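>
In our numbering, the protein residues as written are 1450 to 1576.
#1: Less than 9 Å between the C-beta atoms of residue 1458 and residue 1464, yes or no?
#2: Is any heavy atom in the ligand FMN found nearer than 8 Å to the beta carbon of residue 1544?
#3: Please classify residue 1556: is it buried, with 16 or more other beta-carbons within 10 angstroms of its beta-carbon, or exposed?
#4: Please go through the stretch 1465-1517 and give each complete alpha helix (DSSP H) segment of 4 or more residues, from N-terminal end onward.
#5: Determine the direct distance from the alpha carbon of residue 1469 to that of residue 1525, and round the result to whole angstroms.
#6: I'd like the span of the alpha helix (DSSP H) that includes residue 1548, first residue to last.
#7: Where residue 1485 and residue 1559 are concerned, what is the direct C-alpha to C-alpha distance, given to the nearest angstrom?
Spelled out as structure tokens, the structure:
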């Protein structure tokens, strides 16, 4: 799915906007807030929001400096998804989600890395 989204973004030139992948990272991380809301426990919601903050911060840092940070953060979020159940007990997370999230995030990170490596414009200047 991430490969299809990446190709669609390239074909339609949506990935010419340097905000696409940082916004994607924030949206992906925010899904855990949704799962916390499904769980309904205030402590779980707070834990999920706290887990989102580092990824949102990396997205903001990456958009201001280099998109490589966003790529590494996307891959890191995939690893976070696999470890998530050891960090937060959230009954709102579907059983299939961690593996799906890992696959999506790592594929999106690799696709972004290919774009950045092929670009003749430094990643910090893409816009």
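Glycine included, each C-beta is placed from N, C-alpha and C at the ideal position. None of the values given here were measured: they were computed from a predicted structure.
Considering the structure as presented:
#1: yes
#2: Looking at this structure, you won't find the ligand FMN or any other ligand, since it has none at all.
#3: buried
#4: 1469-1488 and 1491-1513
#5: 18 Å
#6: 1546-1567
#7: 28 Å
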